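Step one of this worksheet: look at the structure below.
There are 2 protein chains.
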Amino acid sequence: MTNRSTGSNPPAPLEGDAHLPLYRRLYQTIAGRITSGDWRPGDALPAELDLARLYGVAPGTVRKAIDELVDDGLIERRHGSGTFIRRPNFDNMMVRFLLYRDPEGREIMPASHIISREIVPAPAAIAQHLGMAEGEDVIRMVRHRHWEGAARLLEDIYLPPARFRPMIEHSPEEIGPLLYPAYERLCGQLVCFIEEEITILDATPEDAALLGLKDGDLVVAIERIAKNASGQPIEWRISRGEARRFRYRISVG
Amino acid sequence: MTNRSTGSNPPAPLEGDAHLPLYRRLYQTIAGRITSGDWRPGDALPAELDLARLYGVAPGTVRKAIDELVDDGLIERRHGSGTFIRRPNFDNMMVRFLLYRDPEGREIMPASHIISREIVPAPAAIAQHLGMAEGEDVIRMVRHRHWEGAARLLEDIYLPPARFRPMIEHSPEEIGPLLYPAYERLCGQLVCFIEEEITILDATPEDAALLGLKDGDLVVAIERIAKNASGQPIEWRISRGEARRFRYRISVG
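In the order they appear, the protein sequences are chains C and F.
The numbering of the first sequence is this note's numbering, which starts it at 1 and goes up by one.
The numbering of the second sequence is this note's numbering, which starts it at 1 and goes up by one.
Right, here's the structure in full:
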């Protein structure tokens, strides 16, 4: 690599293919430092000139990379104090994600019960979602969410062991009811992007039994892929619940 | 108002309550100019120093307002050329919004048929969504979306006449298949935020007849409120389709 720095230290290496524009490589490099936990949510990013010096790029290149990191929600500008690594906040989405109607129309935060955690060979579809090979070890965690005295939501969660081994080593109490904070706290894994696809399916006999449904009832299935700051898939899950109870809210813009 | 300008012209007035921080009032003022069509998508925002002079505020106040406008997606920074009014792009969401499964799993862009447009007294719930009084005139537009030779999606759309009268004066051909571009082109109304709520309901006899469903079949109902740059609700709609055919995709982060 040619030395683009004007200072005495050689510049730190940039991630990404050499054919990419420099600002994209700097973007990927900064995203990679968030992914690795080197820079954590709440941390201040170095000043733009320091980043320019560190990586041997022009200040304009730094500004362009930072603009895109802000656009993508990985960092945020706080007026007068600089730029900071952002903690993505999915709370609104999560809470509103499967709102089951309580009789007064209030939002319910369902209790979580981890039913099982095991290492299984990755089924083909799940391996593909997680960028793994079919049959490779994957953590499967089954969780039920309860309210009104019954399981209302069945969650099948798949995690690559290389990143998430603590999720089978810690007790359910240590994990707690919210998985993303546990991923960050116990595994150093930060979820930055999620993609969901919702479909409506016939209940399988097993789902029907667990959810107390009748033959011919429908379930709503929400498949979700969660990605880190570098855009790598780190969790895949499918959640199923009774279709008639389903309510989903989203804001965009 | 005290003159905060150092130049010879008195500053332009700021929108918003005098108790709000100046940067919030500048935010609302800029959002208001987008709402009014005074500044349109693609237009360059004046330079920060010019805005500071125009509104008689400090450059730091301008920067803070602009940071928040960028955060909220109303404007965008383009490196080396300044800041521009953004055209929110809901295409991805719209296309993915109700993906009905074609036999090969391909995405279908359904044909649109405007069935009726009329002015009706606003029902209480719709008046509330649109910030109008119950019984006030509201435009009701019914649209059906067709594929595989049948109506698959029934849309009931409500619009305040003060903003959207051209939507009943122009022909369906002039309106075309995409409503948001028509709102902008024909009415100068820009949709910047949308909120959706999805629920699953028993088909009414009318829905069942139009959608070709059997007694006891379920429909998915998507209620959507669309807001302009100032956060004012400008459209409310409910769309219904067969639950079993429903597929919805969303990315967040």
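Don't be surprised by glycine CBs; every beta carbon is placed ideally from N, CA and C.
Computed from a prediction, not measured in an experiment: that's the story for all the values here.
If I follow the unbroken beta strand (DSSP E) through residue i, where does it start and stop?
i: C/F246; result: Where C/F246 is concerned, there is no enclosing beta strand (DSSP E), given that its DSSP letter is neither H nor E.
i: C/M141; result: D137 to W147
i: C/T83; result: G82 to I85
i: F/L154; result: A150 to L159
i: C/A111; result: A111 to P121
i: F/R185; result: Element bounds for F/R185: not the beta strand (DSSP E) but the alpha helix (DSSP H), L179 to C187.
i: F/R165; result: Run containing F/R165: none; DSSP gives neither H nor E here.
i: F/R53; result: Careful: F/R53 lies outside any beta strand (DSSP E), inside the alpha helix (DSSP H) at E48 to Y55.
i: C/R78; result: I75 to R78
According to the Cβ coordinates, are residue i and residue j closer than 8 Å?
i: C/L201; j: C/L218; result: yes
i: F/P88; j: F/V191; result: yes
i: C/L153; j: C/G241; result: yes
i: C/T29; j: C/E15; result: yes
i: C/D137; j: C/I157; result: no
i: C/T199; j: C/A221; result: yes
i: C/S239; j: C/E155; result: yes
i: C/G37; j: C/G188; result: yes
i: C/T83; j: C/L22; result: no
i: F/P161; j: F/I139; result: yes
i: C/M132; j: C/R117; result: no
i: C/P11; j: C/L51; result: no
i: F/E223; j: F/E184; result: no
i: C/R63; j: F/H79; result: yes
i: C/A127; j: C/L210; result: no
Only counting the same chain, and skipping five residues up and downstream in sequence, which positions put a Cβ closer than 7 Å to that of residue i?
i: C/H129; result: I225, P233 and W236
i: F/V70; result: E76 and R77
i: C/S112; result: R143, R145 and P177
i: C/S251; result: none
i: C/M94; result: Caution is warranted here: a pLDDT of 42 is assigned to C/M94, below 50, making its placement in the model unreliable, and no coordinate value can be reported.
i: F/Y27; result: A65, E68 and L69
i: F/R40; result: I85
i: C/A243; result: I200, L218, V219 and V220
i: C/S171; result: none
i: C/G32; result: E15 and S230
i: F/N92; result: Confidence at F/N92 is low in this model, with a pLDDT of 43, below 50, so its placement is unreliable and the value that follows should be read with caution. Cβ within range, chain order: n/a, list empty.
i: C/R25; result: L14, E15 and G16
Hey, would you say the C-beta of residue i is under 7 Å away from at least one heavy atom of the ligand ZN?
i: F/R87; result: Among the components of this structure there are no ligands whatsoever, and the ligand ZN is therefore not found.
Leaving aside the five residues before and after residue i along the sequence, list all residues of the same chain whose C-beta is less than 6 Å from its C-beta, in chain order.
i: C/R96; result: In this prediction, C/R96 scores a pLDDT of 47, lower than 50, which makes its location untrustworthy; the coordinate-derived value is nonetheless stated afterwards. Here the set comprises R249.
i: C/P121; result: G135
i: C/T35; result: N228, A229 and S230
i: F/Y180; result: V191
i: C/A44; result: G82 and F84
Please list the terminal residues of the continuous alpha helix (DSSP H) segment that includes residue i.
i: F/H129; result: A124 to L130
i: C/R33; result: L22 to T35
i: C/E206; result: P205 to L211
i: C/E174; result: P172 to I175
Tell me, which residues are paired with residue i by DSSP?
i: C/E223; result: C/E197 and C/I238
i: F/L69; result: In DSSP, F/L69 forms no bridge with anything.
i: C/P233; result: C/K227
i: C/A44; result: C/F84
i: C/D202; result: C/L218
Which same chain residues, not among the five before or five after residue i, have their C-beta less than 8 Å away from its C-beta?
i: C/P175; result: The amino acid at residue 175 of chain C is misidentified as Pro; the sequence shows Ile. For C/I175, where only same-chain residues beyond five positions count, the Cβ hits under 8 Å are I114, M167, A182 and L186.
i: F/P46; result: L54
i: C/H19; result: none
i: C/D207; result: L154, L213, V219 and R240
i: C/G291; result: The shown model of chain C, from 1 to 253, leaves out residue 291 of chain C, and the question about it has no answer.
Check each residue of the segment 48 to 71 of chain C: if its Cβ is closer than 8 Å to any Cβ of chain F, include it; give the result in chain order.
G60, R63, K64, D67, V70 and D71
Looking at chain F, which residues of the segment 212 to 227 of chain C have a Cβ within less than 8 Å of any of its Cβ atoms?
L218, V220 and K227
Residues of the segment 193 to 211 of chain F in Cβ contact with chain C at a cutoff of 7 Å, in chain order, please.
Residues F193, I194, E195, E196, E197, I198, T199 and I200.
Near-chain C residues of the segment 231 to 253 of chain F - C-beta to any C-beta below 7 Å:
A243, R244, F246, R247, Y248, R249, I250, S251, V252 and G253
When Cβ atoms are compared, which residues of the segment 3 to 36 of chain F fall closer than 9 Å to chain C?
Y23
When you check each C-beta in the segment 73 to 91 of chain F against every C-beta of chain C, which residues fall closer than 8 Å?
G73, E76, R77, H79, G80, P88 and F90
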